[in-house]
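Participant:
There are 2 protein chains.
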Amino acid sequence: MRATIIHGAGDIRVENVPDPQLREPTDALVRVVQACICGSDLWPYRSMPPSEAGERIGHEFLGIVEELGSDVSGLHRGDLVVAPFVWSDNTCDFCSEGLQTSCRHGGLWARDGIDGGQGEAVRVPQAQGTLVKLPVTEDAALLPSLLTLSDVFPTGYHCAHTAKVNPRTTVTVIGDGAVGLSAVLAAKRLGAERIILMGHHKDRTDLGIEFGATDVIAERGEESVEKVRNLTGGDGTHRVLECVGLKEAIETAFAVVRDGGTVSRVGAPQYDEVPMDFGVFMRNVTLTGGVAPARAYIDELLPDILDGTIQPGRVFDRTVSLDDVADGYRAMADREALKVVVRP
Amino acid sequence: MRATIIHGAGDIRVENVPDPQLREPTDALVRVVQACICGSDLWPYRSMPPSEAGERIGHEFLGIVEELGSDVSGLHRGDLVVAPFVWSDNTCDFCSEGLQTSCRHGGLWARDGIDGGQGEAVRVPQAQGTLVKLPVTEDAALLPSLLTLSDVFPTGYHCAHTAKVNPRTTVTVIGDGAVGLSAVLAAKRLGAERIILMGHHKDRTDLGIEFGATDVIAERGEESVEKVRNLTGGDGTHRVLECVGLKEAIETAFAVVRDGGTVSRVGAPQYDEVPMDFGVFMRNVTLTGGVAPARAYIDELLPDILDGTIQPGRVFDRTVSLDDVADGYRAMADREALKVVVRP
């Protein structure tokens, strides 16, 4: 089959790889209908050292079940399914606690002999725990929104959920990428009435307003902090959702959070240390978040997508064929596209 | 009156200072019956540059109300009262949320013209919000335990409370100082059945066992981490209560916390950055805690002290007169004493 291989920074190729086959009785084979490119895929796209062998890439996809191992129940050939960006048995103690990203028998796509999502097909380990059946057909208009359940929307939701956003909390969202916009949508869904979105791209913050942002701050650095302070009587917001992953963003988060408030981070951190000094200590600020256990949120979010209450798929603004996946990466890296669907 | 003045590292003196007087109608004058020395007083005791003028010091005391401003109600001359280590109006929005350390009209003792606790008397600003009446006499045997309500016990309690310790959580407490032992007592009170105490001083960890610790780890560094892992099937504990404030301690905390767990810190941080890298992110570890709003916990904890259910005053193992306060500091700094009561 054909699949996406990254050979280094800026070097995305589509190559022939072995067709996936069932190996374990807990496996399933899924023909990919739609995949997409993640903001986190851009980190290796920007920095990976050259590699002749290259590495599989992609961790967001939905598709049709083509084969099932003998131990997989609850799924059938022909089912349309979405896969969260971490596979898991969904039965161990961590999974039972809603932390499928720490599953005792789980792992990441495109690692250690596991297929990536940006290809024609995927062998899905722990298929019964991992895959969620979608009660629509593969040509449904809802597919882009359902595809967001693999990562970007649950990631924004994890940010708002772990921050304990509720109707009594004011919220700042840092970042107008697809995760930041998803966090806006999540904060709105959790009842926040004041959602301040920090972002520099008007087309993106405009979508943020449609998703529920009440204020947009396009300024940068100290000016953006002042603006949040001005909007909140000097106090900052109860919750700050950090959806970027750069140190500057987490520093801004601590600068705009209210005393006793919570910063949640879901942007994969491009830093090793967090500035939480004596001042932050005296203000009783909590830092939470982390990699999102998408599987934990799918059952809860799916009905709202199916009935059209929320449309997280609006973060997709471009679709490419698998052959054009490299151009999809380029477009996202150049900020020409917000988030790109890949159709094998 | 006589009060304690710190003139630099290792230089504690008792000097004559102006008698406190009512200045605001919200003030009270309190004659100090018992004060104590805090682990945080040892930071300037170890590092303060020499100062001829010196600075008042001490923030934990209980005493007798001697005078009341015209706006103070609910208190009377002769009442025995305890003062939390931050004074506050107890009515503003932060106070109403239980964050009296961020009170809009509050502040710290021994700063900006406010008396310190280690003296014969104190002018108490925002007396109605700050002081809590104790229904005992000034010679009661309960006084040391009641004195802990000013700081050390609520600080340990804040650590366990913000970490959300409950009967289903395993707990590691880092530090066998008075705060760490208070955190053990607090974790026990909140129902934790497994409480692992890390500390190197047998007399202190023995008291920790009496307070509820189920395991003691005397090893240091990597060995201590391994031991927690061994005690928890390799997973670490759900909650880690960091009661030291050194970077090594917070690093240990992240090394022994279970995926999806929470580190709470109440040791005043002697560092500016917290190591929360990609690995911590992938494990969804939360960092909470901060300076304890002692006032928020006093009403809840007082009954258990009055009826003898808990005896947090057992952390005191020495009493000195005000004239001997310098020796009290020396004894605590040399680890000869765990925590020292000062009687003016």
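If you read the protein sequences in the order shown, they are chains A and B.
Count along the first sequence from 1, add 920, and you get the number used in the numbering used here.
Count along the second sequence from 1, add 920, and you get the number used in the numbering used here.
Glycine residues also receive a C-beta, built at the ideal position from the N, C-alpha and C atoms.
1) Under 9 Å Cβ-Cβ, which residues of chain B neighbour N881 of chain A?
2) If you pair each beta-carbon of the segment 1151 to 1167 of chain B with each one of the segment 1187 to 1198 of chain B, do three or more pairs fall below 8 Å?
3) Within 10 angstroms of the Cβ of G1154 of chain B, are there 16 or more other Cβ atoms? Answer buried if so, exposed if not.
4) Pull up the DSSP beta-bridge partners for K1053 of chain A, would you.
5) Counting only Cβ pairs nearer than 9 Å, list the residues of chain B close to D1254 of chain A.
6) Indicate whether S1070 of chain B and A1246 of chain B have their beta-carbon atoms separated by less than 9 Å.
7) From the beta carbon of R922 of chain B, is the nearest beta carbon of chain A less than 9 Å away?
8) Do we get a CB-CB distance below 9 Å when we pair Y1191 of chain B with the residues of chain A?
9) Can you check whether the CB of E1058 of chain B is closer than 9 Å to the CB of L995 of chain B?
10) Along chain A, in chain order, which residues have C-beta atoms closer than 7 Å to that of S1070 of chain B?
11) Are the CB atoms of G1049 of chain A and G1026 of chain A within a distance shorter than 9 Å?
12) With H, G and I counted as helix, E and B as strand and the rest as coil, what does DSSP make of V1044 of chain B?
13) Using 8 Å as the cut-off, can you tell me whether the segment 1077 to 1086 of chain A makes contact with the segment 1197 to 1215 of chain A, which would need three or more C-beta pairs spanning the two stretches below that distance?
14) What residues in the segment 1192 to 1215 of chain B bring their beta carbon closer than 8 Å to a beta carbon of chain A?
15) Buried or exposed: which applies to T1021 of chain A, given that a residue is buried once 16 or more other Cβ atoms fall within 10 Å of its Cβ?
16) Could you tell me which uninterrupted alpha helix (DSSP H) segments, each at least 4 residues in length, are contained entirely in the segment 951 to 987 of chain B, listed from first to last along the chain?
17) With a cut-off of 8 Å, do at least 3 Cβ pairs link the segment 1226 to 1239 of chain A to the segment 921 to 938 of chain A?
18) Measuring straight from C-alpha to C-alpha, what distance separates E1130 of chain B and R1124 of chain B?
19) Verify whether the separation of the beta carbon atoms of V1148 of chain A and G1156 of chain A is less than 9 Å.
20) Measuring CB to CB, does E975 of chain A end up less than 9 Å from A1041 of chain A?
21) Which same chain residues end up closer than 6 Å to P1195 of chain A when comparing Cβ atoms and leaving out the 5 residues on each side of it in sequence?
22) Counting only C-beta atoms, is E1017 of chain B closer than 9 Å to chain A at any point?
23) Is the CB-CB distance between T1278 of chain A and T1068 of chain A below 9 Å?
24) Looking at the C-beta of T1152 of chain B, does it have a partner C-beta in chain A at a distance below 9 Å?
25) Is there a C-beta anywhere in chain B that falls below 9 Å from the one on R1031 of chain A?
26) Whose C-beta lies closer than 6 Å to the C-beta of M1118 of chain B among residues of the same chain, with five residues either side of it excluded?
27) Alpha carbons only, please: which of A:G1039, A:D1179, A:A1047 and A:R1234 is nearest the one belonging to P1004 of chain A?
28) Alpha carbons only, please: which of A:S990, A:R1024 and A:E972 is nearest the one belonging to R1203 of chain B?
29) With 16 as the cutoff for other CB atoms within 10 Å, does D1219 of chain B come out buried or exposed?
30) Could you tell me which residues DSSP pairs with S888 of chain B in its beta bridges?
31) Would you please state the rounded distance, in angstroms, between the beta carbons of A948 of chain B and L988 of chain B? I believe it to be under 8 Å.
32) Residues of the segment 1228 to 1254 of chain A in Cβ contact with chain B at a cutoff of 8 Å, in chain order, please.
33) Between B:I957, B:I977, B:Q954 and B:P964, which lies nearest to V937 of chain B when the distance is taken from Cα to Cα?
34) Please check the pair W1007 of chain A and V1044 of chain A, which I expect to be a contact at CB under 8 Å, by giving their CB distance rounded to whole angstroms.
35) Identify whether M875 of chain B lies in helix, strand or coil by the three-state DSSP scheme.
36) Is D1197 of chain A helix, strand or coil by DSSP?
Facilitator: Taking the structure as given:
1) For chain A, the structure presents residues 921 to 1264; residue 881 of chain A sits outside this window and is missing.
2) Using a Cβ-Cβ distance cut-off of 8 Å, the segment 1151 to 1167 of chain B and the segment 1187 to 1198 of chain B are in contact, since at least three pairs of beta carbons, one from each stretch, lie closer than that value.
3) In the second sequence, counting from the first residue as 1, residue 1154 of chain B sits at position 234. By the Cβ neighbour-count rule, G1154 of chain B is exposed, with fewer than 16 other Cβ atoms within 10 Å of its own.
4) One-based indexing of the first sequence puts residue 1053 of chain A at position 133. A:V1001.
5) Here the question's residue 1254 of chain A lines up with position 334 in the first sequence. The contacting residues do not exist; D1254 of chain A stays about 25 Å from chain B at best.
6) Translated into the one-based positions of the second sequence, residue 1070 of chain B becomes position 150. Translated into the one-based positions of the second sequence, residue 1246 of chain B becomes position 326. Judged by their CB atoms, S1070 of chain B and A1246 of chain B are not nearer to each other than the 9 Å cut-off.
7) Working through the second sequence from its first residue, we reach residue 922 of chain B at position 2. No Cβ of chain A is located within less than 9 Å of the beta carbon of R922 of chain B.
8) Walking along the second sequence from the start, residue 1191 of chain B turns up at place 271. At least one chain A Cβ lies under 9 Å of Y1191 of chain B.
9) In the second sequence, counting from the first residue as 1, residue 995 of chain B sits at position 75. In the second sequence, counting from the first residue as 1, residue 1058 of chain B sits at position 138. Going by C-beta atoms, L995 of chain B is not nearer than 9 Å to E1058 of chain B.
10) Translated into the one-based positions of the second sequence, residue 1070 of chain B becomes position 150. Residues of chain A passing the Cβ test: none, with the nearest at roughly 18 Å.
11) Here residue 1026 of chain A is taken as the residue at index 106 of the first sequence, counted from 1. Here residue 1049 of chain A is taken as the residue at index 129 of the first sequence, counted from 1. In this structure, G1049 of chain A lies closer than 9 Å to G1026 of chain A by Cβ.
12) Your numbering for residue 1044 of chain B matches position 124 in the second sequence. In the structure shown, V1044 of chain B sits in a strand (DSSP, three-state: E or B).
13) Short answer: they touch.
14) Considering only beta carbons, the part of the segment 1192 to 1215 of chain B lying closer than 8 Å to chain A consists of D1192, E1193, V1194, P1195, M1196, D1197, F1198, V1200, F1201, M1202, R1203, N1204, V1205, T1206, L1207, T1208, G1209, G1210, V1211 and P1213, in chain order.
15) Taking the first sequence and counting its residues from 1, one reaches residue 1021 of chain A at position 101. Under this definition T1021 of chain A is a buried residue.
16) You should have 962 to 967.
17) Segments in contact, no.
18) Counting from one through the second sequence, the residue named residue 1130 of chain B turns up at place 210. Counting from one through the second sequence, the residue named residue 1124 of chain B turns up at place 204. Rounded to the nearest whole angstrom, the C-alpha separation of E1130 of chain B and R1124 of chain B is 10 Å.
19) Here residue 1148 of chain A refers to the residue found at position 228 when the first sequence is read from its first residue. Here residue 1156 of chain A refers to the residue found at position 236 when the first sequence is read from its first residue. Yes, these two residues count as a Cβ contact at 9 Å.
20) Mapped onto the first sequence, residue 975 of chain A falls at position 55. Mapped onto the first sequence, residue 1041 of chain A falls at position 121. Against a cut-off of 9 Å, the Cβ pair of A1041 of chain A and E975 of chain A comes out as no contact.
21) On the first sequence, position 275 is the one that residue 1195 of chain A refers to. Take P1195 of chain A, set aside five residues on each side of it, and the residues of its chain with a beta-carbon closer than 6 Å to its own are E1171, in chain order.
22) Stepping through the second sequence from its first residue, residue 1017 of chain B is reached at position 97. For E1017 of chain B, the answer is yes, since a Cβ of chain A falls inside 9 Å of its Cβ.
23) Since the first and last residues shown for chain A are 921 and 1264, residue 1278 of chain A lies out of range.
24) To locate residue 1152 of chain B, count along the second sequence from 1; it is residue 232. No, T1152 of chain B lies away from the interface with chain A (no Cβ there is under 9 Å from its Cβ).
25) Indexing the first sequence from 1 puts residue 1031 of chain A at position 111. Not an interface residue.
26) The count along the second sequence starts at 1 and reaches residue 1118 of chain B at position 198. Excluding five sequence positions before and after M1118 of chain B, the CB atoms of its chain that fall closer than 6 Å to its own CB belong to I1094, I1137 and S1144, given in chain order.
27) Reading the first sequence from its first residue, position 84 is the one you call residue 1004 of chain A. Comparing alpha carbon positions, the residue from A:G1039, A:D1179, A:A1047 and A:R1234 closest to P1004 of chain A is A:A1047.
28) Residue mapping note: residue 1203 of chain B aligns to position 283 of the second sequence, counting from 1. Restricting attention to A:S990, A:R1024 and A:E972, the CA atom closest to the CA of R1203 of chain B is found in A:R1024.
29) Looking up residue 1219 of chain B in the second sequence gives position 299. Label assigned to D1219 of chain B: exposed.
30) Limits of chain B in this structure are 921 at one end and 1264 at the other, which puts residue 888 of chain B out of reach.
31) The residue you call residue 948 of chain B lines up with position 28 of the second sequence. The residue you call residue 988 of chain B lines up with position 68 of the second sequence. About 5 Å; that satisfies the 8 Å criterion.
32) Residues of the segment 1228 to 1254 of chain A that bring their beta carbon within less than 8 Å of a beta carbon in chain B are absent altogether.
33) Start at 1 with the first residue of the second sequence, and residue 937 of chain B comes out as number 17. Here the closest residue by C-alpha is B:I977.
34) By 1-based counting over the first sequence, the position of residue 1007 of chain A is 87. By 1-based counting over the first sequence, the position of residue 1044 of chain A is 124. The distance from the Cβ of W1007 of chain A to that of V1044 of chain A is about 6 Å, consistent with a contact at the 8 Å cut-off.
35) Coverage of chain B is limited to positions 921 through 1264, which leaves residue 875 of chain B absent and any answer about it impossible.
36) Walking along the first sequence from the start, residue 1197 of chain A turns up at place 277. Coil.
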